[in-house]
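Sequences listed follow chains A and B, in order. Everything in the first sequence is counted per numbering that gives the first Met the number 0, starting at 0 for the first residue and increasing by one. Everything in the second sequence is counted per numbering that gives the first Met the number 0, starting at 0 for the first residue and increasing by one. Even for Gly, the Cβ is constructed at its ideal location relative to N, Cα and C. Just so we're clear, the structure is a prediction, and the values are computed from it rather than from any experiment.
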Amino acid sequence: MIKVNSLRVDYENTNAVHDLDLDVSAGQIFGLVGPNGAGKTSTIKALAGIIEPTYGDIKVLGYDLELERQKALNRVGYMPDFPPVYEHLKVWEYLDVFAAAYNIPSGERAKKIRSWVARVNLESKHHAFIRDLSRGMRQRLVLAKTLIPDPDVLLLDEPASGLDPIARKDMRDVLKDVASANKAVIISSHILSELSDFCNAVGIMQQGKLLVSGSVEDIRRHVQSKGRLIVFLSEVREEMIQEAKSVLHGFSCVEHVEERKEGGLLADFSGCPADASLILAQLVLRKIPVCGFQCKEDNVEDLFFKMGMKEVA
Amino acid sequence: MTFWDLANNPLFIANWRERFRPSEIFSRAIVVLLIIGLIFCYVYFIEATPQQEFLKGKGPWQAFFIFALCVLEGYILLFFGTMSAYSMASREVSGGTLDFHRVSPTPSGHQVLGLCLGAVSVEWVLFGCIFILQLCVMIFSAGIFPDFFRALLVLVSFHLALGCCAFLYNLFGVLAGLMNHPKRKAANAFVFVVILYFLSHLLLALEGCYTYHLTWFPAYAHLSLMLESVSQGEVFFTGPAEHVNMFFGVHIPPPFLQFLIQTPFIIFLFRMVQRRITKPEHPLLSKPELLLLIVVVAVFHGGSTFFNGPGGDPFSVERDLSLGILVYLLIFLGYAGVYMATPSYLLFMKGWKRVRKLGQNSSGYSHDHSSNFAWLICYSVIVILAVILYGVVSQSPLWTCFIIGLFVLTYPWFFGQILEYFNLSRHHRSRIIMLVVLLVLWVFIPLFGYISSMPVWPETSLFLKYGIAPSPFFGLAKFMTVFRDSAETPYLLELLSINIILTVFAGICAGQERQKIKSSVVLEDNYLPFRNIE
Numbered sequence: 000m001i002k003v004n005s006l007r008v009d010y011e012n013t014n015a016v017h018d019l020d021l022d023v024s025a026g027q028i029f030g031l032v033g034p035n036g037a038g039k040t041s042t043i044k045a046l047a048g049i050i051e052p053t054y055g056d057i058k059v060l061g062y063d064l065e066l067e068r069q070k071a072l073n074r075v076g077y078m079p080d081f082p083p084v085y086e087h088l089k090v091w092e093y094l095d096v097f098a099a100a101y102n103i104p105s106g107e108r109a110k111k112i113r114s115w116v117a118r119v120n121l122e123s124k125h126h127a128f129i130r131d132l133s134r135g136m137r138q139r140l141v142l143a144k145t146l147i148p149d150p151d152v153l154l155l156d157e158p159a160s161g162l163d164p165i166a167r168k169d170m171r172d173v174l175k176d177v178a179s180a181n182k183a184v185i186i187s188s189h190i191l192s193e194l195s196d197f198c199n200a201v202g203i204m205q206q207g208k209l210l211v212s213g214s215v216e217d218i219r220r221h222v223q224s225k226g227r228l229i230v231f232l233s234e235v236r237e238e239m240i241q242e243a244k245s246v247l248h249g250f251s252c253v254e255h256v257e258e259r260k261e262g263g264l265l266a267d268f269s270g271c272p273a274d275a276s277l278i279l280a281q282l283v284l285r286k287i288p289v290c291g292f293q294c295k296e297d298n299v300e301d302l303f304f305k306m307g308m309k310e311v312a
Numbered sequence: 000m001t002f003w004d005l006a007n008n009p010l011f012i013a014n015w016r017e018r019f020r021p022s023e024i025f026s027r028a029i030v031v032l033l034i035i036g037l038i039f040c041y042v043y044f045i046e047a048t049p050q051q052e053f054l055k056g057k058g059p060w061q062a063f064f065i066f067a068l069c070v071l072e073g074y075i076l077l078f079f080g081t082m083s084a085y086s087m088a089s090r091e092v093s094g095g096t097l098d099f100h101r102v103s104p105t106p107s108g109h110q111v112l113g114l115c116l117g118a119v120s121v122e123w124v125l126f127g128c129i130f131i132l133q134l135c136v137m138i139f140s141a142g143i144f145p146d147f148f149r150a151l152l153v154l155v156s157f158h159l160a161l162g163c164c165a166f167l168y169n170l171f172g173v174l175a176g177l178m179n180h181p182k183r184k185a186a187n188a189f190v191f192v193v194i195l196y197f198l199s200h201l202l203l204a205l206e207g208c209y210t211y212h213l214t215w216f217p218a219y220a221h222l223s224l225m226l227e228s229v230s231q232g233e234v235f236f237t238g239p240a241e242h243v244n245m246f247f248g249v250h251i252p253p254p255f256l257q258f259l260i261q262t263p264f265i266i267f268l269f270r271m272v273q274r275r276i277t278k279p280e281h282p283l284l285s286k287p288e289l290l291l292l293i294v295v296v297a298v299f300h301g302g303s304t305f306f307n308g309p310g311g312d313p314f315s316v317e318r319d320l321s322l323g324i325l326v327y328l329l330i331f332l333g334y335a336g337v338y339m340a341t342p343s344y345l346l347f348m349k350g351w352k353r354v355r356k357l358g359q360n361s362s363g364y365s366h367d368h369s370s371n372f373a374w375l376i377c378y379s380v381i382v383i384l385a386v387i388l389y390g391v392v393s394q395s396p397l398w399t400c401f402i403i404g405l406f407v408l409t410y411p412w413f414f415g416q417i418l419e420y421f422n423l424s425r426h427h428r429s430r431i432i433m434l435v436v437l438l439v440l441w442v443f444i445p446l447f448g449y450i451s452s453m454p455v456w457p458e459t460s461l462f463l464k465y466g467i468a469p470s471p472f473f474g475l476a477k478f479m480t481v482f483r484d485s486a487e488t489p490y491l492l493e494l495l496s497i498n499i500i501l502t503v504f505a506g507i508c509a510g511q512e513r514q515k516i517k518s519s520v521v522l523e524d525n526y527l528p529f530r531n532i533e
C-alpha cells in the first residue's frame with residue numbers, strides 16, 4: 000500500500016532523511032522508531048505530501064505521490080505530532096469541517112461524527128469548545144478527525160504523546176481495529192515501549208537513515224540478538240551457585256553466566272523454548288533449589304539501543 | 000462540491016464558525032451600531048441645522064448619511080477585513096490546520112475562496128447590513144433625489160466596486176498571512192517590499208497612473224455622482240482629473256475601468272495564494288505567469304499613459320517623466336520577476352532529480368526548477384517591444400529606443416545571473432555575501448567615485464565615470480539624464496559595455512554552478528542500495 004524507494008528529504012541546511020526504502024502492506028502496523036531528530040517526522044510529512052522530497056519515489060495505493068498527488072492522497076489520513084485544532088470551534092464542528100473536506104455528504108456527517116466521537120471517548124465533550132480540552136483530548140479529537148474519512152493508509156506522527164495510559168490503550172485498540180480492516184498504518188514514536196506490543200513491523204531510524212526494518216523477529220535475527228535467562232534460587236549457597244553455573248555452561252545456547260545482586264543467576268540465552276525446558280529439567284535433576292525460571296527476550300527498546308550502539312561503533 | 004458551494008467549503012465553514020460566535024458578533028454589532036448612531040446624530044442634529052454654515056446649500060442630510068455609511072463600509076471591509084484575512088491566514092499556517100487542508104481532496108481553488116471569504120465573513124455581513132440600511136434610508140427619502148433610479152444605480156455600483164476592491168485587498172491580506180512565517184525571514188521581507196510598493200502606488204495614484212484604479216478612490220469618486228445630483232455646492236470627493244478614466248484614449252466609466260484593471264490582479268493574487276497553499280516551497284507564480292503579469296502591468300501602464308492627454312496628445316504626462324516611469328517600472332518588474340524566477344539550490348536540485356527520474360534530458364524552461372535564463376530572454380523580448388512601442392508613439396529614433404532597452408535589460412540580467420550564482424553555489428546558505436557584493440557594486444563604488452571627484456581632485460575619477468555603470472541608482476539616473484545628448488553617446492556605450500561584460504561574467508559563473516549540480520545529481524544516482532531486511 001505504501002512503497003518508498005530511495006527517499007531523501009533536505010531542508011535548507013540539513014539532510015533530514017537519506018535513502019530510505021519502505022514497503023508497508025495492507026493490514027500492517029509499521030512502527031518508525033528513533034530518537035528526536037532521526038527523521039521520523041520528515042518521513043511521515045513526505046509520505047503525507049506536506050513536504051516535497053528532494054528525491055525518491057513514493058507510491059501510495061499504487062499512485063505516484065509526485066505525479067498523481069490527489070489520487071494518492073485521497074485515501075490517506077495524516078495526524079501530526081502536535082494536535083492542530085481550531086480553538087474556537089466545538090468538537091463536533093471541528094470534525095464536521097474535515098468531514099466536509101473529504102466530501103462526506105452533509106446528511107451522513109452527523110452520524111459519522113457521533114460514532115467517532117464515541118470511539119475516542121469524547122462523547123461528553125461533543126458540544127464542548129476545543130479551547131477547553133486537555134492536550135490528550137485534543138490528540139484523541141485529531142485521531143477521530145483522521146479516521147472519519149475512513150482512509151486506507153494512516154500516517155500517525157507520535158500520536159500517543161500527551162495521552163494518559165488508559166487513552167493510550169484505547170488508541171492502540173482503535174489502531175488494531177483499523178489495521179484489521181486491511182489498512183496500512185505507519186506510526187512513529189520515540190517512546191519505544193508503546194510500539195512494541197502492537198506493531199507487526201518496525202523500522203529503526205537514526206540521523207536520517209533507516210538502519211534496519213522488518214518484523215521485530217527479523218530485526219532480532221538480523222542483529223543476532225540474545226535473550227536473557229534468569230534463574231532464581233531459594234538458597235544462595237556458594238556450592239549451589241557453582242553447581243548451577245556448571246549446568247548452564249553445559250549448554251551451547253548459554254553464554255556469560257553471572258550472579259545477580261538480588262540472588263540467582265543471569266545469562267545470555269540464544270536458544271529456543273525447548274532448550275529452556277531442557278535447562279530447567281537439568282537444574283532440577285541436579286537438585287538445585289530453583290524457585291523461579293524466566294526466559295526473557297529483547298523488546299524493541301533493547302533492540303533499538305543495540306542497533307544504535309552497533310552503528311555508532 | 001462546486002466552486003461557489005460555500006456551505007460545504009471546509010475552510011469557509013471553519014472560519015465562518017470561528018468568527019460567528021454570539022460574543023464576537025454582539026460586540027462588533029454594538030460598536031457598529033454605536034458608530035452609525037453617532038453618524039446619524041452628527042448629520043441630522045448638528046450638520047442639518049440651518050445655522051450650520053458648513054452644510055449650507057449642500058443638500059439633504061439623508062444623502063450625506065448614506066455617504067458617511069459608505070465610508071464606514073470601506074473601513075470595515077478594506078481595513079478590518081484585510082486585517083482579519085491576514086490574521087486568520089497566518090493562524091492557519093502557524094496552527095498547522097492548513098496542512099490538513101493541503102492533504103485533503105478539497106481543490107485548492109475552493110480552499111482559497113473559503114479562506115478569503117470565511118476569514119472576512121463578519122465584515123461582509125456587516126457590509127451587507129449597512130447596505131440594507133442605506134437602501135431603506137434611500138427608499139424612505141426617495142423624494143429628495145431628482146433621479147431616484149440613477150442614484151440607486153450609483154449606490155449599487157458603488158457597492159459592487161467596493162466589494163471588488165475589498166476582495167483584492169483581502170486576498171492580499173491572505174497572501175501576506177500565509178507568507179508570514181517566523182522561520183522565513185526572506186518571505187517576510189518580500190511581503191514588506193510588496194507592501195511598500197503598494198503604498199508607493201497610492202502616491203502614484205494621484206498622478207493619474209493606472210494604479211489609481213487599484214485603490215478604493217474610484218468607488219468613492221463614483222459615489223460623489225449621487226451627491227452631485229442633490230447638492231448645489233461642492234461634494235466631499237470631487238474625483239481625479241478626467242484623463243484618469245481614459246484607457247488608450249477611450250473614456251471608460253470608472254466602475255468598469257476599475258473592474259477591468261482589478262480583475263487581472265485579483266486573478267494573479269488568487270493564483271499566488273493557491274500556489275502558496277499547494278506548493279509552499281515554490282515561487283508564488285510560475286515563470287509564464289510572471290511574464291504574463293509583466294505584460295498586463297505594461298499594458299495597463301501604456302493604457303493610462305498613451306493617447307490620454309488633452310486634445311489627443313500621445314502622453315498624459317510630460318514625455319521624459321513618462322519614459323522615466325516606464326523605465327523604472329520595467330526594471331522593478333524585472334528585478335521582482337527574476338527574483339521569483341530564479342530557483343533556489345534545493346529547488347534546482349529537485350528539478351534535476353525529477354528530470355532524471357522521468358528519464359528526460361533537460362527540465363522544461365517554464366518549470367519552477369529550471370534556470371532563469373529562458374525567463375530573462377522572454378522578459379527581454381517584452382522590454383524591447385515595450386520600448387519600441389514607446390518609440391513609435393513618441394516618434395523617437397528607434398536606435399535610441401533600442402539603446403534604452405538594452406540599458407534597461409542589463410540590470411535585471413546582471414541581477415538574475417548573480418542571484419542564480421549565489422543561489423546555486425556553496426554560498427547559498429549565506430546570503431549576506433551576495434548582499435555585500437551588490438552593496439559594493441550598487442552603492443559603495445559610485446559613492447567612492449563621488450568622494451574621489453571632490454574639488455580637491457580636479458579631474459573626474461574613473462570610479463565616478465565608470466563605477467556607476469552597474470548601479471541602478473546612480474548609473475541609470477546618469478543614463479536617463481544624458482541619453483538625449485548625442486555627444487554623450489560614446490560614453491553611454493562604454494557604460495553599456497561595462498554592464499554587458501559584468502552580466503556575461505556573472506552568467507558564466509552561474510552556468511558553472513548549474514553544471515556542477517547537474518553532475519552531482521548524476522553521481523548521486525549511483526549510490527549504494529539501501530540495507531534492508533529481505
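Counting only C-beta atoms, is T1 of chain B closer than 8 Å to chain A at any point?
With 8 Å as the cut-off, T1 of chain B does not count as an interface residue toward chain A.
Hey, how far is the Cα of A25 of chain A from the Cα of K39 of chain A?
Rounded to the nearest angstrom, the two C-alpha atoms are 21 Å apart.
Taking CB distances under 8 Å as the criterion, tell me whether F421 of chain B reaches chain A.
Not closer than 8 Å to any Cβ of chain A, the Cβ of F421 of chain B fails to qualify, so no.
To the nearest angstrom, how far is it from the Cα of L283 of chain B to the Cα of S5 of chain A?
If you take the alpha carbons of L283 of chain B and S5 of chain A, they lie about 29 Å apart.
What is the rounded straight-line gap between the Cα of F25 of chain B and the Cα of M178 of chain B?
If I take the Cα positions, the gap works out to 31 Å.
Residues of chain B with a CB under 7 Å from the CB of G48 of chain A: which are they?
Chain B residues near G48 of chain A: V102.
Within the 8 Å Cβ cut-off, does F97 of chain A reach chain B?
Yes, because at least one Cβ of chain B sits closer than 8 Å to the Cβ of F97 of chain A.
The stretch 1–16 of chain B: which residues have C-beta closer than 7 Å to a C-beta of chain A, in chain order?
Taking 7 Å as the Cβ-Cβ cut-off against chain A, the residues of the stretch 1–16 of chain B that qualify are N7, P9, I12, A13, R16.
Please list the partners that K349 of chain B has in chain A, where partner means a Cβ-to-Cβ separation under 7 Å.
Going along chain A in sequence order, the residues near K349 of chain B (Cβ under 7 Å) are E51, T53.
Buried or exposed for P287 of chain B, going by 16 or more other Cβ atoms inside 10 Å?
Classification for P287 of chain B: exposed.
Thinking C-alpha only, which one of B:A476, B:T409, B:P145 is nearest L375 of chain B?
Measuring from the Cα of L375 of chain B, the nearest candidate turns out to be B:T409.
Do G176 of chain B and A88 of chain B come within 8 Å of each other at the CB atom, strictly closer than that value?
Cβ distance < 8 Å, so A88 of chain B and G176 of chain B count as in contact.
Indicate whether F64 of chain B and I29 of chain B have their beta-carbon atoms separated by less than 8 Å.
Cβ distance not < 8 Å, so F64 of chain B and I29 of chain B don't count as in contact.
Helix, strand or coil: which one does DSSP assign to C294 of chain A?
Three-state result, C294 of chain A: strand.
Can you tell me the Cα-Cα spacing of C198 of chain A and Q27 of chain A, whole angstroms?
So the two alpha carbons sit approximately 8 Å from each other.
Could you name the residues of the same chain whose beta carbon sits closer than 8 Å to that of L388 of chain B, not counting the 5 residues immediately before and after it, in chain order?
The residues are G301.
When the Cα atoms are used, what is the spatial distance from K55 of chain B to L151 of chain B?
Its pLDDT being 48, under 50, K55 of chain B is placed unreliably in this model, and the value from its coordinates should be taken loosely. Their Cα atoms are separated by approximately 24 Å.
Compare the C-alpha of L463 of chain B against each of B:M479, B:R18, B:L446, B:F331 and name the closest.
Taking only the C-alpha atoms, the option nearest L463 of chain B is B:L446.
What distance in whole Å lies between the Cβ atoms of F139 of chain B and H158 of chain B, which are believed to be in contact at a cut-off of 8 Å?
Actually they do not touch by this definition, with Cβ atoms about 19 Å apart.
If you count every other CB in all the chains shown that lies within 10 Å of the CB of P164 of chain A, and 16 or more means buried, which is it?
Exposed, since its Cβ has fewer than 16 Cβ neighbours within 10 Å.
For A127 of chain A, which residues in chain B fall below 7 Å Cβ to Cβ?
Going along chain B, no residue has its Cβ under 7 Å from A127 of chain A, so there is no contact; the nearest lies around 14 Å.
Measuring straight from C-alpha to C-alpha, what distance separates V256 of chain A and A127 of chain A?
Whole-angstrom Cα-Cα distance: 59 Å.
As a quick exercise: from B:A6, B:Q110, B:V136, pick the residue whose alpha carbon is nearest that of P59 of chain B.
Closest by alpha carbon: B:V136.
Between the C-alpha atoms of F236 of chain B and T304 of chain B, what's the straight-line distance to the nearest angstrom?
For F236 of chain B, the predicted structure reports a pLDDT of 49, less than 50, and the residue's modelled location is therefore unreliable. A value from the coordinates is still provided. Between F236 of chain B and T304 of chain B, the C-alpha separation is close to 24 Å.
Contact between the stretch 497–510 of chain B and the stretch 465–480 of chain B: three or more CB pairs below 8 Å?
Contact holds: three or more Cβ-Cβ distances are below 8 Å.
What residues are listed by DSSP as bridge partners for Q205 of chain A?
Note: Q205 of chain A sits in a beta bridge opposite A:K208.
Tell me, please, whether the CB atom of N12 of chain A is closer than 8 Å to any CB atom in chain B?
Output row for N12 of chain A: interface = yes.
Within the 8 Å Cβ cut-off, does V3 of chain A reach chain B?
No, because no Cβ of chain B sits closer than 8 Å to the Cβ of V3 of chain A.
Going by beta-carbon coordinates alone, are A291 of chain A and F231 of chain A separated by less than 8 Å?
The residue asked about is misnamed: residue 291 of chain A is Gly in this sequence, not Ala. It is a contact, given that the beta carbons lie within the stated cut-off.
Decide if F443 of chain B is buried, meaning its Cβ has at least 16 other Cβ atoms within 10 Å, or exposed.
Its Cβ having fewer than 16 others within 10 Å, F443 of chain B is exposed.
Give the DSSP-derived three-state secondary structure of A159 of chain A in the structure shown.
Coil.
Please decide whether G94 of chain B counts as near chain A, where near means a Cβ-Cβ distance under 8 Å.
So yes, G94 of chain B belongs to the interface.
Quick one: list the residues of chain B neighbouring V75 of chain A, beta-carbon separation under 8 Å, in chain order.
Per Cβ cutoff of 8 Å: V102.
So with Cβ pairs under 8 Å, would you call E280 of chain B a contact of chain A?
Chain A, which has a Cβ nearer than 8 Å to the Cβ of E280 of chain B, makes this yes.
Spatial neighbours of E328 of chain A within its chain, please: C-beta separation below 8 Å, excluding the five flanking residues on both sides.
Residue 328 of chain A is absent from the structure shown; chain A starts at 0 and stops at 312.
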